[in-house]
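Report on the structure given below.
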């Protein structure tokens, strides 16, 4: 008989604290898309931002209230306690929180006496009153109130009596969660376990204890687990370890640790296997490549080097892998003897209505291996994969052939830039030469090629490119590095993605662009 | 009265286990240079490789014996126990270890019964004899023998009796260190602390207990510290968290944790402050950019973003930073972004030695807001920010001015691509016109511009571009979207990043490139 596992809530702050990481800046649209991913994963809370701190976050909450349909997660607005000596009724931060129209709010409160006295420049009594008044006010507006006890661990080490008074003030006025924050990130697991234990013994089950760590000692995940061992039942963190400085607790690591190794339940049934996908999707939305070494979700997390026999791992996976990678939606990978699944290619061929014998399937696999070694990545480029498979099966595109292409960018004496592309293409026996200007080289070649094909293929007018992504592979060789271009397109009915790879960004873009138009023509002519 | 802190030995395996990370391959020369860096840092042991497993490692030990002068560290050769049913006298692995001419060797031994029975395909008695015989043989050759108990934690959980027999066999025959390995990386700190405690109670001080972890649960550092708490006195790991899958215990994190937070001594006096430099130098030698989020040594580890904190940090650093960054050779950094307040800009100006009055500061803030709205993102581009601030303070760069630039990419009839750039620049009264080919447009303009400036500025030869990143902003307008380019460069002493933004990727690249060279000239001419 199995007992129901105890629940540890996951509070995701990717959209608030995560945005403090250097080099990331997300649009409101990006943030809405990320919130949908987090909901699909099934975290309990999504902290969306700090309305009032910046206009982007106000817009986010306004749009979220209208557009965002969350099935699993609750949206949370972040703010702070009222100002010193101020009144709750005319406090702009508190008003913004109420106006964010979320069911729950999280406010930061100072629990280290030093910060009350020096950063706020007020008395400890007033510091305590700021917390009590603010919680009371927000709770009175029908909101669930989580209180971030900022610098709690440092505060507790310096003045445990005031740190506990700060928590008491929040709890008494109706806070649902006391969030113990290791704001400077300097704590170690044994300290966290001891201090959280003391807090838990004090409050018992009156209020939920939550843990919020940063990775400055490389222990954010271990600290969160130590807190759970001591009684915390909410873990705050960010996807992919985003966050200021060294990052917040990495949720993509701590969730599987808690579920697979410590017997807790964090996500609804069946969601853990989405973890790798959601992690990669968010990395993609933020254009921030995921660390391949990331535990559980990284490309190398279950990669085995040569020497370790596939057959040995097959015989007893748990003798060679600490968990089954499929539990988190990842997979075993053999780095040298790469197994590019025959069955997958066969299934894909059937889906496309291509008849492929074993020899052709092997040829496709060899071609895939060669191209992926060069930097292609077909998982993200369904349309290029389809064209590659059709070509392997003997198909040739006869829509057009390119005689030559030239694109020139000029910087003029006044600093103004201009770009012009010339393409010469054959459509059957017709030779079309077209020139076009563009606001950049890729735009110019796109315009010139379409113009050269428009007479014979008016349906190209229905094909729109919707996204263009560039990733530099092997950045260390700098401007001589290999470039990967992905182009998304649509004809209003279907969407597709093509890929190009080259050390020349123009060539890579041109490959992806030509494939995109060919794919569009292929599927519009049927 | 202060007592002498207890010593925890650091055993670095960057040159052996670290080389298992995907995408890294070091030459013998690289490995010798890395060993020198590790010696300068002052680790106790440097594991250099597996002589016999590959010819490169045999060459490394041969050259090390002649060329490498280590002042602090001992070099270690890695190998394994003798073959099942084999004899020690004619075992090639053991012979290679002796011939490596190091004072110490580390051999891997199987301590999980499953692996003895299934991977080796032999009996537990023979598994034990393989360990005993091999240690006795190597010890008999006057070598210090460390024994890696492979899969120790999993083995102990399945069959503690055999796991302990394996350790006993090594200890009895004279092993100096029993290295408890969490080979699959699945253990959590509380398990490690319990199991290491049991081993320590059994062996007391007869032999040194060492800990070797992998980061598959994101807990390698915490696990190593848990082992030290339980009595381990050697920590094995890799610089910068290199290693197979998710990496080994990150020494750049665990060393300062042990020294600054747990009161142990790991390195000779005065060496800890070399940590950041050695970490970056090794990353450079391996051509593997350091994660800016890395604890202690990362560029973001002590970076502060939220504008409201800057003035407060200066008042009381230890209220905002978990340790003084100078203790590990890093420094506090104030990150400037659109959220920046006056204090941040003022602090940055002082850092640069610029005198700025309030009006100029406001002008900088307005300019930053305007440019960030266009898509610039200065927190990632310190050098462009510095140039912007200098220009606001009245400075003009007089190194060169561009008359015009042209770059052309051609696709030829055979599908071959070629790219050519022409730049016309003035250096003082000299007009230089240069043309260059490149493997892409950015490479071509970089080459042409350098060539046009090389006569007057030979120091440009020392400036290397190390990374080139492209992000498409507002991808939804596809090939007409705005492009953000970031270029990293170095002159061997300092590193800097510049930014360019335009709907024309060539213009954006050109801005970043020109700024990068200007910054390099500015700081090399001082």
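Protein chains in written order, with the working numbering: chain A, 1 to 526; chain G, 1001 to 1526. Glycine included, every Cβ here is placed at the ideal spot set by N, Cα and C.
For the beta strand (DSSP E) holding residue i, just list the boundary residues, first then last.
i	result
residue 297 of chain A	Per DSSP, residue 297 of chain A belongs to no beta strand (DSSP E) and is neither H nor E.
residue 1171 of chain G	First-last for residue 1171 of chain G: 1160-1172, but that is the alpha helix (DSSP H), not the beta strand (DSSP E).
residue 1486 of chain G	1482-1490
residue 495 of chain A	495-502
residue 1405 of chain G	1401-1411
residue 419 of chain A	417-427
residue 11 of chain A	9-12
Which same chain residues, not among the five before or five after residue i, have their C-beta less than 8 Å away from its C-beta?
i	result
residue 1346 of chain G	1356, 1361
residue 1172 of chain G	1132
residue 1184 of chain G	1151, 1154, 1214, 1216
residue 1210 of chain G	1009, 1011, 1146, 1177, 1178, 1179, 1180, 1232, 1233, 1234, 1235, 1236
residue 1035 of chain G	1015, 1046, 1048, 1064, 1068, 1070, 1073, 1075
residue 258 of chain A	8, 225, 228, 235, 264, 266
residue 388 of chain A	364, 367, 368, 371, 378
Report the three-state DSSP secondary structure of residue i (helix, strand or coil).
i	result
residue 268 of chain A	coil
residue 1037 of chain G	helix
residue 1347 of chain G	helix
residue 1276 of chain G	helix
residue 1284 of chain G	helix
residue 156 of chain A	helix
residue 456 of chain A	coil
residue 465 of chain A	strand
residue 439 of chain A	coil
residue 338 of chain A	Per-residue confidence for residue 338 of chain A stands at a pLDDT of 34, beneath the threshold of 50, marking its modelled position as unreliable; no derived number is given.
residue 328 of chain A	helix
residue 1314 of chain G	helix
residue 1259 of chain G	helix
residue 1149 of chain G	strand
residue 1450 of chain G	helix
Taking the alpha helix (DSSP H) that residue i belongs to, which residues open and close that run?
i	result
residue 519 of chain A	505-524
residue 1368 of chain G	1358-1374
residue 1384 of chain G	1382-1392
residue 1256 of chain G	1251-1256
Taking Cβ-Cβ distances shorter than 7 Å, what residues in chain B pair up with residue i?
i	result
residue 295 of chain A	Of the protein chains in this structure, namely A and G, none is chain B.
If I measure Cβ to Cβ from residue i and keep anything under 7 Å in the same chain, skipping five residues before and after, which residues do I get?
i	result
residue 1037 of chain G	1278, 1281, 1282
residue 1302 of chain G	1321, 1325, 1330, 1331, 1332, 1333
residue 1493 of chain G	none
residue 300 of chain A	292, 293
Near residue i, which residues of its chain fall below 6 Å by C-beta distance, leaving aside the five closest residues on each side in sequence?
i	result
residue 527 of chain A	This structure leaves residue 527 of chain A out entirely; chain A is present only between 1 and 526.
residue 1007 of chain G	1265
residue 432 of chain A	425, 452
residue 112 of chain A	151, 154, 155
residue 1139 of chain G	1145, 1174
residue 307 of chain A	Only weak support is given to the placement of residue 307 of chain A: the predicted model assigns it a pLDDT of 49, under 50, and the question is left unresolved by the model.
residue 1475 of chain G	Low per-residue confidence applies at residue 1475 of chain G: pLDDT is 49, beneath 50, and the placement is therefore not dependable, though the value from the model is reported in the following sentence. Answer for residue 1475 of chain G: 1481, listed in chain order.
Cα-Cα, which of the options is closest to residue i?
i	options	result
residue 1128 of chain G	G/1084, G/1090, G/1398	G/1084
residue 1288 of chain G	G/1022, G/1223, G/1116, G/1251	G/1022
residue 1020 of chain G	G/1298, G/1241, G/1316, G/1103	G/1241
residue 1463 of chain G	G/1469, G/1450, G/1455	G/1450
residue 1468 of chain G	G/1358, G/1489, G/1348, G/1197	G/1489
residue 1160 of chain G	G/1135, G/1124, G/1383, G/1137	G/1124
residue 1459 of chain G	G/1491, G/1440, G/1486	G/1491
residue 1413 of chain G	A/418, A/58, A/457, A/403	A/403
residue 1305 of chain G	G/1080, G/1344, G/1060	G/1344
residue 276 of chain A	A/256, A/158, A/260, A/286	A/256
Suppose only complete runs of 3+ residues qualify. What are the beta strand (DSSP E) ranges in the region 103-144 of chain A, listed by chain order? 104-110
What are the start and end residues of each continuous beta strand (DSSP E) run of 3 or more residues lying completely inside the region 1174-1245 of chain G, in chain order? Fully enclosed beta strand (DSSP E) runs of 3 or longer: 1177-1181, 1208-1212, 1234-1237.
Counting only runs of 3+ residues fully inside the region 34-108 of chain A, write out the beta strand (DSSP E) ranges in chain order. Those beta strand (DSSP E) runs which fall completely within the region 34-108 of chain A and span 3+ residues are 45-49, 74-80.
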